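Residue numbers (this note's numbering): 446 to 647. In this text, a Cβ means the ideal position worked out from N, Cα and C, and glycines have one as well. Computed from a predicted structure; not experimentally measured. These notes concern the structure reproduced below.
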């Protein structure tokens, strides 16, 4: 359970819990308070409001995980980004025998593995945590660059999209888009459709 409030309105918590208890009782829905958690999203560092459900206190957490996305108290998305980098490194370690330069696998197959297994983990929920600060975003981009350099066998000082020589960088056909490029793709798609519909209407 995740609630968003301001510190000066703690009664919103209690009012919501009372209404939720009545709703659950009316529809015969059993809720286990011991397995429930709540998080208060606020920039204030003060104490959070204590919440009880059916007379049992609900555990408060500074961060909660919902649909694979870790939501922290101040919405900095730093815990989620750090966990994502750790998960990606663990996957790359398991796939290193396939992704390393002398594995015998073709570059095309390696990039397909990257796009099928690693890239979805890197970009999961990007539309939500993509508003994080630049320093946090750079951690994801750095992790992505290291993997791509490992795949093509390029030195550490070569940018992943900066050269056309496949031996030292990623060619455009194998280039992985940056996070900001992925972030604007849905908006560009819908905006293009909106303009096309307006043109057709005229």
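By the Cβ rule, the segment 553-562 does not count as touching the segment 500-508, because fewer than three pairs are nearer than 8 Å. Under the three-state reduction of DSSP output, residue 590 falls in the helix class. In the three-state reduction of the DSSP assignment, residue 564 falls in the helix class, which pools H, G and I. Annotation for residue 555: no beta strand (DSSP E) segment contains it, though the alpha helix (DSSP H) segment containing it runs 552-558. In the structure shown, the three-state DSSP call for residue 485 is strand. If you check the CB distance, residue 533 and residue 568 do not come in under 8 Å.
Judged by DSSP secondary structure, residue 466 falls within the alpha helix (DSSP H) whose first and last residues are 456-471. Annotated as proximal: residue 518 and residue 487, with beta-carbon spacing under 8 Å.
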